[in-house]
Structures are given as structure tokens and as C-alpha cells.
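From first to last, the protein sequence lines stand for chains S and F. Okay, so the first sequence: first residue is 1 according to full-length UniProt numbering, each after it adds one. Okay, so the second sequence: first residue is 1 according to full-length UniProt numbering, each after it adds one. Even glycine gets a Cβ: it sits at the ideal position worked out from N, Cα and C. Quick caveat: nothing in here was measured; it's all calculated off a predicted structure. Below: one structure, written as C-alpha cells.
Number of protein chains: 2
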Amino acid sequence: MSGIAPTAAPVLPIRGRFRPLGLPEVRVTGGFWAERQSINAAATLPHIEHWLERAGWLRNFDLAVHGDLARDRRGREFSDSEVYKFLEAAAWEIGRSGNADLESRFRAVVRRVAAAQQPDGYLNTRFGGPGQAPRWSDLEWGHELYCVGHLLQAAVARSRTRPGADDGLLDIARRAADNVCETFGPDGLDGLCGHPEIEPALVEFARVTGDDRYLAQAALFVDRRGHGRLSDVEFGREYFQDELPVRQATVLRGHAVRANYLAAGAVDVAVELKETSLLDAIRIQWRNAVARRTYLTGGQGSRHQDEAFGGDWVLPPDRAYSETCSGVGSVMLAWRLLLADGDPEYADLIERTLFNVVATSPSADGRSFFYTNTLHRRELGTQPDADRPSLRAAASLRAPWFEVSCCPTNVARTMASLTAYVATADDDGLQLHQYLSGTVAHRLADGRELCVTITTDYPHDGRIRVRIDSDDDRPWSLSVRVPGWATRGATVTLCGDTRPVGPGVVTERRTWRRGDEMVLTLPMTPRFTYPDARIDSIRGCVAVERGPLVFALESVDVPGVETVDELRVDTRRPPRLVDGRVTVTCRRVRAREHGWPYRADEAGAAPVPGDELDEVSLVEYHAWANRGPSTMRVWLAEAAE
Amino acid sequence: MSGIAPTAAPVLPIRGRFRPLGLPEVRVTGGFWAERQSINAAATLPHIEHWLERAGWLRNFDLAVHGDLARDRRGREFSDSEVYKFLEAAAWEIGRSGNADLESRFRAVVRRVAAAQQPDGYLNTRFGGPGQAPRWSDLEWGHELYCVGHLLQAAVARSRTRPGADDGLLDIARRAADNVCETFGPDGLDGLCGHPEIEPALVEFARVTGDDRYLAQAALFVDRRGHGRLSDVEFGREYFQDELPVRQATVLRGHAVRANYLAAGAVDVAVELKETSLLDAIRIQWRNAVARRTYLTGGQGSRHQDEAFGGDWVLPPDRAYSETCSGVGSVMLAWRLLLADGDPEYADLIERTLFNVVATSPSADGRSFFYTNTLHRRELGTQPDADRPSLRAAASLRAPWFEVSCCPTNVARTMASLTAYVATADDDGLQLHQYLSGTVAHRLADGRELCVTITTDYPHDGRIRVRIDSDDDRPWSLSVRVPGWATRGATVTLCGDTRPVGPGVVTERRTWRRGDEMVLTLPMTPRFTYPDARIDSIRGCVAVERGPLVFALESVDVPGVETVDELRVDTRRPPRLVDGRVTVTCRRVRAREHGWPYRADEAGAAPVPGDELDEVSLVEYHAWANRGPSTMRVWLAEAAE
């Protein structure tokens, strides 16, 4: 066991309730996530590389050296960041699998990036070159600091998975970060970036390099936000969280990706600098956002207009923006809070978001993506051209690439680093937060080496078997999370003894012996879920869930039905598991056609009841839209009683 | 009676079921609309002129002559059009009231506009000047043809209200229109405008000038649309109705103002050129838009993102865009269809839209405006600064001016020309479509002069008294509309005989004598209205209407209640009229606070019932938000039984 290496993970805080485990301590050996990690490596990463080249976003770096960027540059302001996110994803994947081919492609991309860096460390293909807008001339929309942030995160991933690698990425990042500190330091430009990202990146870069100057710069950026330094825009300063200081806000608001990235950075700063009040503020923002502004899937953002959080309880399923990237950002934030506080609610949201947002974005083949993740589709779509990028980030169809293509690379880096979100340790033992088949090995601070093997078919089966694979004479704690949805029927079995457990953390402290087992059994009966009455848009509707998975009614599963809006669900009959499929009983209704859709008589406005259908199969939400054009609902209208 | 002048009205088709009456045939003497016309003249028009000057949009015309437009021009691409819409509004107002001061201000603005016209007739302050983008270089977003369209409509208004006026506006318009025809004619640029408006304007200009070249050009623009000549944009070509030829579309779609303006122009072309299939297509589009894509208020457009129609049944009250301008456009379209076909449903929608959208936009003092007209406001807003333009067209608060300030000028021109939508004639008599106190006088084609006086407190009283003020030995027809909402209880009284009538048109043909009366009595009991079950966003809700007015629950009317979302309406007790106020019985509920707003137990998700309140007063929807910050709902959640 002495081969256990230092943790390689995206987030390594100096302190907190739990220490994260990452590569190589956590290994995934099979199941839901293992499959997705394979597809990510085999299909998604090459797909992204292909599109970065094809769209010209990689070539922009070459043009910075040899060409005329002002004339020939391709892509939006932030296209550099997609290259960096690809590098980050590749770094995690190389760390995970040691893929030699990917290693050489990674190095080739780093060389192209390196060539474009200016002597003073500035690195951006959109600003500052001959004929281009000056550096830092558009902090609202220019995304320069945002791009540096993703460069730093790529370097963090690389230097943790291949410490001392001679590819030069860490040095490129260090020079870019130094340039940021010199430019935006206490005596420099009193500005900040319209899209947060540099904040968590600088903190992590400080953790990697041990240089607190980066941390101080991150703290400065967090402090500067919320005072109207960015100019007012059509969507208001709330769009980039500049209308209210971070410490004063009580809920996540504005652009949902920006909000989550900023909050993640604020947690990082708060943890490093022991800023209790800052951490308290983010906790409150997170709790309120989860209680009032989060979709059943964990998705966040209900406005297409500005990709933003709506007001409290504004969660329309049909206009759910629920951007894939805000799902990624939400996982980033909840993970940081979990490490800081240890509360299982954070892991609950991570689980929900990973299964129902992050896993929903890529198609089964890993080569097309949802940018937004709607919960209701009324019209049969047409399959987007698999060979053309989509102009429309807001289209509710998986497309191979987008003009704004943040989501595919965000999915890729999350999938490649997924093992980092599974388990943690403290001085007394291990905590398991997410369930998949694999192993967790960790050396405690006192030198004891702990190792467990997890075997499960979760999320399709509720039994999670944790076998101890290490021997130790002293007691240590093993904790498992009972998800918030497991309100009834969960049990833990230890050495033949089974006892009921409720949502929260179950900790067993004992002198574990090799071969000991702790079995967590979660209740996997499909269930109806009812919304808070304040969510106007889904009044009178129910959803169906099983375990952590949200289900959807998709028209391809209902013969003869093109639009699932014609169906009403009979809530007197609970959903059932039939031959591995979750089913509900539905009635078909036929709407009356009116010239004017508002009627004085209630009965006249109601649809005409039609046939009761046999049990209708639902689809796991993440898997919908993989079988051709379809209509879909997560929230099903209840049949009148 | 021989003083009856030729009709002055915005739309004078060559043929159709009815001929429109306008100034001076229809005079308004008092009541709801008379008040608003007074405020429009006394407050809104000077307010607009002030802002056009202050925002620099008028000065742009001066810069075209003496300055550097490339450097100093202010405002968006379409700001010229606001100047033209002001001229149109002023022309109608001068025609209505003969205001001499306004006449001289009108002339002063025309002189400034005239000076900016190029020798070949081209007129636009945003394109074509030194250092500016070339003419017609951005048909998607440039709005050049759109601006010409509004210039033509101003000239139409002026030449109909002051035929032969020596201000030069008609000539300016003619030269601009000629330039359009020369540039975009059959052998010219094969293009069209991203924002329809030139189409109806050219047809009307052909009607004014008698020059069919303008009509042919309008027809060409209508034919060119829908073939992808405009480039694809983020919102898709549907945004400017360029994804499908006008004759093939079956519903209004895309940007709601664009859609209505285009359809209005298509009706104009169809009527002039007897293009039956084109007219049929627009009828179908209108019917489907009204049945599936229109708010209870008559408002259209449910997407903030692209100011567009949503899909069928996508009508969220809280995100209702319902742009004031799309209400104006909807009135324009329905009026043209009414003239062509005579169906009362068109007048029903006009009535609903005038009372609940157009009248809602301006504040009580006529100096601030809703751009969008939401049906649900959850949060107390803050009163916008009465001295600052709003950046945010989508903000649900009345503001004095906007960066995109299309709505105030559109309200002004509609209010000033409102008499044009009241009555029509055919060879056999008069038809009254909208009810207000005033007179209608008209000389039939055979020379007979008809005159009636209407006396009513509509919409606050249901009795509409029509007195005949002319004598004629031959019979003629007098028609009144029984609105679609008057499903029960309407009566007509003629010479003491009262009979029940239902929705539709009631026509009485007789030899009318001076002093004869026809009294239409409409049922004014407040009523609950239920939505079609396919409108997901208002399931389980009811609205309250009285006559043509939609009502709202506004927090300022409920002592101790800040958010009206806490209230549930008891639908077992019908709304009542109490001392002139419409009231409903409500129960207050208290939501349970959950960390996660989706629950496995239905009862746990439901709110806790609280006190039953006494009868709560509702506000006429158009009058809401005139008493300080408030929350508001049109659709009220029903109390559980």
C-alpha cells in the first residue's frame, strides 16, 4: 500500500472538514460512470480536438505568431478558454489512464499555446495584438481574465497528475498569472472580469505553487465585485454579480455559470484566509438557491435571455435553461462547501446534478451535447446536423458543437476528473459521498493506510457493498451518505446486522479487518415527487424519480402518441418497476379546440378524457433524446380525480 | 351634414367588407379613451419630443448636415424611426384637435428631417455617411427600410389629416420611397428588411399617392421573405419570419412585432392585388396565434430572449413579454382583417388589446411606459428613475424612456389615431366595433348622410345607447358587435322592445328616424375565466374579468400582504361588484420552507392554509403599478377544495 501517491484533484484546500481524495486514490472499475469516462476518452476528447481545429480556435494561437489575428481570428472572445479546458480534460484523462497518444497531442497543443504568449506573460488571441482592441479594454465582455483562469486550471490539473512534466504548461500559466497580478494588483488596474473564473483558478494556482500572491489577487477580485465597477448592461449588473458585494448577497443570482464560479472562488478564498463571514454568505446563497431556484434535476438557470437564475420559484420546465456549464459550476461549488462543512446536502446536490445534468448533456456516443437541459419539450425537434456547429446555444437539441461551445469541454473535464468527487478523508477515516464500483485507498495523516472496495450497480440497484481491504489494529471511521431522497427504507448492514437509517451520514467507527463489509441498501422503489406550491409553472404536476435518477415521459415510448402533453398521469397508482423499466399509468386526453383559449365555464376549458393507456414506460432523463425526434415531459400533469 | 370630409385614417383599403371611418367622421366626446387621448396630447407627446431631443435622436438629423455622424451619432440603428413615429402621432393629434403649437413643432421637426435627406432620396442617420457603414450593408439588423416605413406612415397621416400641407413631408417620403423602389426593385438588390414595416407602409403610401409602383414593391418584399435571404442568426431565421414563405406559414411566429407588422403588410398587399391565397394564409396564422399564442390580455410574445412568440400554449404569465408594440401591431393586423372580412372576432381582439395592452403601457400621467406587460410580478419593484432612460426593455416597470424606445411612440400614434378603429361603413349603413361616447357621421356612396351619437360609460357600464341623429326615408343598417365574452345576458333594445342577443354582430335594418335609439346592454357581472388545459404555466388558476377588462390582484389592495403569491382564491364564491370595485374571496396560505422544494409526500409539499380574508379588491389590469411598488397576479391560484 505504500504506493499511494499524493492526491491529484481539482480542489485541494488547506483546511476544512474533509480532505478530498483524487487520483490515484480513487479508482473506478465499472458501471454508470466508468462507461461515461470511457466514452469521454474515446469519443468526446478527440471530437473536441477535431472541432477546436476545425473552428480555427487552435489556429488562432498560430496566427498570434505568424499571422494577422485582427483579420483572421476565428471564434468568440472566449474561444481560447475552450482550448484550455480541453487541455485540462486531457490532463485528467492522461492522469487517469496514462494514454500515451493523448499525451503527445496534449504536448502539441501546449506548444501552440506557448508560442502565442507575449514576453510579459499576457496571453490572449483576441486582444492586444496589432489592429486588435487593447488588452483589458472590455472587462465586461472580453473574458480575458476568464481565459487565464482556465489556463491556470489546465496547469493545475497537469501539475497534479504529472508533477514536474517538462511540457512547459505550468510555466506558461505562472507567467500569465504573474501578468494578471502585476496588472490588477492593489496598485494596478482597479478592475475585475465580467465572467468569474479567475478567482477559483488563482486560489488553486496558489495551492499548486505555494505562492500566496495569487491567493491575495483572488481575494482582491472577490472583494472588488459588487460595487458597480463593471458598467451597467442590458441585463443589469446582477448579470455578472456586480450589483451587490459577495458578502451581502443572500442567494445566487444573475448568469448561472458566473454565479456558481464566483461562489466557488469565494469559498476558496474564505477557506484559505479563514474568512468566516464570507463562507457564511456563500452557505446562505447556496441554501436559498437550492431551496428556491433549482430544478428537480439539479439544473440551475431558468432564463434564456441572460442564461440566468430566475427569481425565487421561477422554474418553468419548458424554458429551463439549466445550462450544462451551470451544472458543472454547481458541482464545483457544492464540492467546495462539502469539503469545508461536511454536510451531506452538498453531496446530495452533486449526485443529483451529475446524474441529471452533467450526464444528460452528452449523447450516448459522446459526440453531441445539450447546451441547455430542458425539462419539457413540446414539439418534435429535427435532429441537428452532426457536421455543423449550432448557432443556438439555447436550442434544446444535442449538437456537435456551438458558436459558444463552453459545454462540451466542461463536460469533458468533469468526466475526466470525476473520481475527485467520490470520497474524502479526515484524520479518523474515510467518507464515501458518491457510489460507484471501484476502490478507495488513502494514507491517513498518522501513516495508516486504508483501502476499501465498493461494489454496486448503483444507480440501478440500491445495494452498495463496501469491503475493507486493509488491516489496522486501531479503529477508524467509515462514513456513507444516505441521500436526502431516501426518506424511508434505507438500511445499513454490518457483519450480518441490519438496521434502518435515514437521510444523512452514517458513520461506523471500529477496528476494521480485511474482508469486513458495510452494506448500504437504498430504497429503489420508483416514487412520485410533488413540487412546492410556489412553483407556479408545475402546479398540478408530478415527477417520477427512482433513486437519484429523474425520469421523463418521452413520446418514443408511447405508441401512437406524438405529443406527450396529451397524457395525464393517474397518481392513485404509484409508479412501478416492470422488467427494469419504470412505468406509470396514463390517460390520454383530447383538448377542445377553441378560437379563444380562455373560457367562462371551467368544464368547457377542460380537455375531454380519453382512453386509459396501459402502463407507460418512462426513460431515465439523462438518456432522453437519443432515439430520434421526440416530445418529452419531466413534470406530468395529474389526471383529474 | 354636408361638412363631412373624406376619411382620414391609417388604413384605407381599395376594397373589403367594410370601409373604415376616421377623422373627422368619428369624434370621441368623453370617457375612457377621451381621457387617454387628452393625456396623450397634453403629456405624452411633449414628453416624447423632450426625450427625442435629450437622447440626441433628433440631433442626429442635424449632424447629418453639419457634423460627424460617424463620431457623434446617438442611439440605436432604429432611432430615426422614433422621430417619424412622433411625427405620425403629432399628425393625427393635429388632425384631431387642430393644436397650433403642436403644428409648429411638427413643422420644425420636419425641417430637421428634410435637411438630412440625400440628393437621391436616401434618408438614414446611421448608414451611408462618411465613416459609416455603407447603405443597406446590414439588412438583418440595420432597420433602414423599417425607418423608411415609419417615415411613409408619418407622411400618410399628415397628408390625410392636412391634405396639401406645405411642410414638405409628403415629398420627403416620396423621394425616400422612390429610392427604395429604385434600390430594391425587380432588377435591384434582391433583399428585404430584418424588421418588416416597409411593407404596410408602401401599400398605404401607394393608396395616398395613387402610385402602384409602391404597391408592387411591397408585394415584392412580401414575396421575397421566407426564403433565407437574411442570414441565420442566433434566434434562427424564424425571428424575422424568413424561414418560411408567408403563404406557407400557419401561425404567427418569431419576433412578435415583426410578425404582426409583416402580416399586416401581407393583408394590405393581398387586398389590393386580390391575392386570395395570401389573405387566406394570414387568416389562418391569425386564428392559430389567437387560439394558442395570445395572453388573456391580448398580449403576444412570451419570450424575453428574442421578444418572440413562444410555441403553442407557451404563455407563462411571469415571463409574459407581451410587448406594447406587439399589441399595437396586433391591433394593426386585426383591423385590416376586420375591414377585409367583417368578422367580429377581429374587433374582439382589438378591444381586448386596446384595453389591456395599449392602455396598460402608459402610466396614469402619460409620462412613463411599460415596454413589456407582464401578467405576474413576484417581487416588489423599485420605481425607476423618472429622469433616466431604462437600459432594459424587458424590465417590468414603467420607465420614462428606453434605449430601445419603440413603445412610447407606438402608444402615442395609436392613441392619437384611435378614432380610426371605432366604426366602419358599407353601402348599406354603419357598423360600430368599439364603444365610446361620441359621434359617427358618414356619407354613404349613394350620398345619404348618416349620423349617430353614442352615449356610454363603457367599459365600466354595459349600456351603450346609440341615437340616430339623421333622417332618411330609405332604410339603412346599423350594426353593433356583441363581444365574444358576452356569452350570456346581452340584450338589444329597439323602440322599447328588448331581446336577448349572443356574441357576434347584431344588425338592425330599418328606416331610421332622428331620435330613434338602439340600446345594447352588455352583461357586466364580474366573472371567473378558466384557461385551456394545455397552458401549463397557469394550470389550477383562474382570472377575473369584467366586460372587456382583465383584472389583477395587486398587493397594494391587500393590507398586510406584500406578495400576492400567498393568496389563494375561493372559486366557490364568484367575484362580486362592491361599490364599484371587483372583489374576490381569498385565503392566505403559508408555504412550508424546505431545503429542497420537491417532496415525496403531496401533503408535505402543499402550503399551510391560513386565514380567510374578507373580500379583496382587484384592480383593472391596465391601471396596475400606479400606486408605488407592488406585487401582482392576473392568474390566481385556486384554493384547494
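In angstroms with no decimal places, state the Cα-to-Cα distance between residue i and residue j.
{"i": "residue 123 of chain S", "j": "residue 408 of chain S", "result": "23 Å"}
{"i": "residue 383 of chain F", "j": "residue 571 of chain S", "result": "45 Å"}
{"i": "residue 29 of chain F", "j": "residue 146 of chain F", "result": "35 Å"}
{"i": "residue 621 of chain F", "j": "residue 8 of chain F", "result": "32 Å"}
{"i": "residue 209 of chain S", "j": "residue 179 of chain S", "result": "15 Å"}
{"i": "residue 406 of chain S", "j": "residue 254 of chain S", "result": "18 Å"}
{"i": "residue 567 of chain F", "j": "residue 574 of chain F", "result": "16 Å"}
{"i": "residue 639 of chain F", "j": "residue 631 of chain F", "result": "19 Å"}
{"i": "residue 203 of chain S", "j": "residue 82 of chain S", "result": "21 Å"}
{"i": "residue 486 of chain S", "j": "residue 503 of chain S", "result": "6 Å"}
{"i": "residue 166 of chain F", "j": "residue 105 of chain F", "result": "14 Å"}
Residues of chain F with CB closer than 7 Å to the CB of residue i, please, in chain order.
{"i": "residue 151 of chain S", "result": "The premise fails here: residue 151 of chain S is roughly 27 Å from chain F at the closest Cβ pair, so nothing lies under 7 Å."}
{"i": "residue 565 of chain S", "result": "534"}
{"i": "residue 311 of chain S", "result": "378 and 379"}
Which residues of chain S have a Cβ atom closer than 7 Å to the Cβ of residue i, listed in chain order?
{"i": "residue 493 of chain F", "result": "The premise fails here: residue 493 of chain F is roughly 24 Å from chain S at the closest Cβ pair, so nothing lies under 7 Å."}
{"i": "residue 234 of chain F", "result": "391 and 392"}
{"i": "residue 484 of chain F", "result": "596"}
Are the CB atoms of residue j and residue i within a distance shorter than 8 Å?
{"i": "residue 587 of chain S", "j": "residue 613 of chain S", "result": "yes"}
{"i": "residue 262 of chain F", "j": "residue 225 of chain F", "result": "yes"}
{"i": "residue 398 of chain S", "j": "residue 355 of chain S", "result": "no"}
{"i": "residue 333 of chain F", "j": "residue 267 of chain F", "result": "yes"}
{"i": "residue 156 of chain S", "j": "residue 24 of chain S", "result": "no"}
{"i": "residue 492 of chain S", "j": "residue 520 of chain S", "result": "yes"}
{"i": "residue 324 of chain F", "j": "residue 410 of chain F", "result": "yes"}
{"i": "residue 478 of chain F", "j": "residue 466 of chain F", "result": "yes"}
{"i": "residue 381 of chain S", "j": "residue 361 of chain S", "result": "no"}
{"i": "residue 402 of chain S", "j": "residue 306 of chain S", "result": "no"}
{"i": "residue 339 of chain S", "j": "residue 16 of chain S", "result": "yes"}
Take residue i and list the residues in its own chain whose beta-carbon comes closer than 8 Å to its own, dropping the five residues that flank it on each side.
{"i": "residue 643 of chain S", "result": "The question about residue 643 of chain S has no answer here: the residues shown for chain S are numbered 1 through 641."}
{"i": "residue 112 of chain F", "result": "58, 61 and 62"}
Check the Cβ of residue i against every Cβ in chain F and list those closer than 8 Å, keeping chain order.
{"i": "residue 285 of chain S", "result": "The contacting residues do not exist; residue 285 of chain S stays about 14 Å from chain F at best."}
{"i": "residue 598 of chain S", "result": "296, 529, 530, 531, 532 and 543"}
{"i": "residue 304 of chain S", "result": "303, 304 and 305"}
{"i": "residue 594 of chain S", "result": "291 and 532"}
{"i": "residue 637 of chain S", "result": "533, 536 and 539"}
Determine the chain S residues that contact residue i at a beta-carbon separation under 9 Å, and present them in chain order.
{"i": "residue 602 of chain F", "result": "528, 530, 542 and 571"}
{"i": "residue 605 of chain F", "result": "529, 530, 531, 532 and 533"}
Counting only the same chain and skipping the five closest in sequence on each side, list residues whose C-beta sits under 7 Å from that of residue i.
{"i": "residue 550 of chain S", "result": "296, 297, 356, 543, 621 and 634"}
{"i": "residue 359 of chain F", "result": "36 and 622"}
{"i": "residue 12 of chain F", "result": "20 and 207"}
Please work out which residues of its chain come closer than 6 Å, Cβ to Cβ, to residue i, disregarding the five sequence neighbours upstream and downstream, and give them in chain order.
{"i": "residue 456 of chain F", "result": "435, 437 and 464"}
{"i": "residue 448 of chain S", "result": "472"}
{"i": "residue 433 of chain F", "result": "347 and 481"}
{"i": "residue 558 of chain S", "result": "616"}
{"i": "residue 34 of chain F", "result": "28"}
Looking at residue i and the ligand ZN, is the gap between the Cβ and the nearest heavy atom below 7 Å?
{"i": "residue 490 of chain S", "result": "Of ligands this structure carries none, so the ligand ZN is not represented either."}
Under 8 Å Cβ-Cβ, which residues of chain S neighbour residue i?
{"i": "residue 439 of chain F", "result": "Those do not exist, as residue 439 of chain F stays about 31 Å from chain S at its closest Cβ, beyond 8 Å."}
{"i": "residue 314 of chain F", "result": "318, 319 and 378"}
>> Check whether the region 585 to 603 of chain F and the region 617 to 629 of chain F touch, using three or more Cβ-Cβ pairs below 8 Å as the test.
In response: At 8 Å Cβ cutoff, the stretches do not touch.
> Taking Cβ-Cβ distances below 8 Å as the criterion, which residues of the region 520 to 539 of chain F are in contact with chain A?
Replying inline: No chain A appears in the structure shown, which is made up of the protein chains S and F.
> Pairing CB atoms from the region 296 to 307 of chain S with CB atoms from the region 316 to 332 of chain S, are three or more of them under 8 Å?
Replying inline: The answer is yes - the region 316 to 332 of chain S touches the region 296 to 307 of chain S, with three or more Cβ pairs under 8 Å.
> Does the region 177 to 196 of chain S come close enough to the region 215 to 227 of chain S that 3 or more CB-CB pairs lie under 8 Å?
Replying inline: At 8 Å Cβ cutoff, the stretches touch.
> Is it a yes or a no for the region 409 to 424 of chain S touching the region 10 to 29 of chain S, going by three-plus beta-carbon pairs under 8 Å?
Replying inline: Contact holds: three or more Cβ-Cβ distances are below 8 Å.
> Just checking, does the region 44 to 61 of chain F make contact with the region 470 to 488 of chain F on the three C-beta pairs under 8 Å criterion?
Replying inline: For the pair of segments examined, the region 44 to 61 of chain F was found not to touch the region 470 to 488 of chain F: the number of CB pairs separated by less than 8 Å stays below three.
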